[in-house]
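The structure appears right after this line, and notes come after that.
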Amino acid sequence: MNSNGAVMNEWKLREQMCEIGRRVYNKGFAAANDGNISYRLDEDRVLCTPTRVSKGFMKPDDLCIVDLDGKQVSGKRKRSSEILLHLTVMKARSDVRSVVHCHPPHATAFAVAREPIPKCVLPEIEVFLGEVAISPYETPGGQGFANTVLPFVKDTDTILLANHGTLTYGSDLEDAYFKTEIIDAYCRILILARQIGRVNYYSDEKAAELLRLKPGLGIADPRLELGLENCDLCGNSLFREGYEECPPEPRVFIHPKIADSLPYKSPIEGAITPSPAPLQSYGSSSGNSSVPSGNKPSAQPSSNGHASSGGPDSEALVRAITDQVMQALQRR
Ligand SMILES: [Zn+2]
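So the number in the working numbering is just where the residue sits in the sequence shown, counting from 1, plus 59.
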């Protein structure tokens, strides 16, 4: 390609990055100036979004170019402070051309709860996202923060950054961005389904059927390389080794297969079959506010997990107060 063609190409990429920025902002995935987007132009030049500019209102001229160490080589605005995160992904994955980082609310809620993204719930997630990792929390901005994704970066294109947001990447700008849309939509569906009540799972065999579709669609999945015979796709995690320090444990979306091995139950299961430990904290704040603190009866958890207001202790207390009032009236 001649240099004129390359310039045209770069301009088109700048326009496309602004368009992806508008989608990120309009979807509510990045408040104010949050979020950042990058695209690898060639071996040592990466186009990226500037800091302190809303991703919904960028112009092609606002974008910066950095080298693979993060040093700014062109652009009138300062490059994003989180570019090291993008470059760390690009260095580890030669197939990745584009990275999107933002704070989509539903997926970020899972990142804040550090709740692992459940598998074997929606078939499209198995095919288009595969397994999603949660990287440990680190103060954003530096290389230490960027390095938190390294244990997972080769096995997934979608990472939740604990207490922060999402990181998705792929072969071009739209591919990287679509994974953000998919993970946030999935997390939203999970939250809605949980509010209705039960979340159902399809079987390991059905999950394996979905994984076998991926090569035909040109989508890689490390679980295929490991082999699907006798494998535990729904209950196991590909990232067990990466999580060696403190693996995120499911607290809400617990697959029935592993439920018995956990020392706790999820809140909804807990409401059906009470589990005293988590429920006592819900019950401790309820009821009995009209009773003077010195005379407060000991709150007994009832079958629905709330402190009882009609148990034997409170009946005795009501009787004692009634007797005292009646005595006082008789003395008049
Ligand atoms: Zn961020």
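Virtual Cβ for every residue (Gly too), placed ideally from N, Cα, C.
Spatial distance of residue i from residue j (CA atoms)
| i | j | result |
| --- | --- | --- |
| I255 | R247 | 13 Å |
| Y245 | I184 | 8 Å |
| S157 | I96 | 7 Å |
| L122 | D154 | 23 Å |
| Y323 | L276 | 40 Å |
| Y129 | S230 | First, the amino acid is wrong: residue 129 is Gly here, not Tyr. The alpha-carbon atoms of G129 and S230 are separated by roughly 20 Å. |
| W70 | H162 | 27 Å |
| A192 | D234 | 18 Å |
| S320 | E190 | 22 Å |
| A166 | P274 | 27 Å |
| V132 | Y236 | 25 Å |
| L143 | M76 | 18 Å |
| I242 | L292 | 19 Å |
| P119 | F312 | 42 Å |
| N206 | H145 | 11 Å |
| G228 | E240 | Looking at the sequence shown, residue 228 is not Gly but Tyr. Each residue's alpha carbon lies about 12 Å from the other. |
| S352 | R378 | Reliability of the predicted coordinates at S352 is poor, the pLDDT of 38 falling under 50, and the value obtained from them is presented with this limitation in mind. When rounded, the distance between both Cα atoms is 17 Å. |
| P434 | G286 | Outside the shown range of the chain, which is 60 to 391, sits residue 434, and nothing can be said about it. |
| P182 | R136 | 42 Å |
| D280 | L272 | 11 Å |
| L338 | K316 | Note that L338 scores 37 on pLDDT, short of 50, meaning its location in the model is unreliable; the coordinates nonetheless yield the value given after this. Approximately 23 Å between the Cα atoms of the pair. |
| E74 | V125 | 18 Å |
| A307 | V171 | Reading the sequence as shown, one finds Pro at residue 307 and not Ala. Straight-line Cα distance between these residues: approximately 11 Å. |
| F204 | E264 | 38 Å |
| T196 | Q202 | Contrary to the premise, residue 196 reads as Tyr rather than Thr in this sequence. C-alpha separation (whole angstroms): 13 Å. |
| I278 | E78 | 25 Å |
| G346 | P210 | Any reading at G346 needs caution, since the residue's pLDDT is 37, under 50, leaving its predicted position unreliable; the model's value is listed next. Whole-angstrom Cα-Cα distance: 48 Å. |
| R82 | T198 | 27 Å |
| K238 | C107 | 18 Å |
Short Cβ contact (7 Å threshold) for residue i with residue j
| i | j | result |
| --- | --- | --- |
| V258 | A252 | yes |
| L50 | V159 | Outside the shown range of the chain, which is 60 to 391, sits residue 50, and nothing can be said about it. |
| G398 | Y84 | Residue 398 lies beyond the residue range present for the chain, which begins at 60 and ends at 391; the question has no answer from this structure. |
| S140 | G200 | yes |
| Y98 | L283 | no |
| L127 | D103 | yes |
| S194 | V208 | yes |
| L220 | F169 | no |
| M117 | G80 | yes |
| T217 | L249 | no |
Residue of the options minimising C-alpha distance to residue i
| i | options | result |
| --- | --- | --- |
| V105 | A221, R271, R138, E233 | R138 |
| S262 | C179, A235, E174 | C179 |
| P164 | D101, V212, G94 | G94 |
| T215 | A205, L226, N206, N222 | L226 |
| N295 | H223, A318, A279 | A318 |
| P309 | R173, Y260, Q202, L272 | R173 |
| A89 | L272, P306, H223 | H223 |
| Y260 | H314, C107, P281 | H314 |
| N68 | R82, A91, N92, L100 | L100 |
| A91 | L272, E74, C107, R111 | R111 |
7 Å Cβ cutoff, residue i in contact with chain C
| i | result |
| --- | --- |
| E268 | Of the protein chains in the structure, only one exists, and it is not chain C. |
* **Cβ contact (3+ pairs, closer than 8 Å) linking the stretch 165-182 and the stretch 138-149** => Segments in contact, no.
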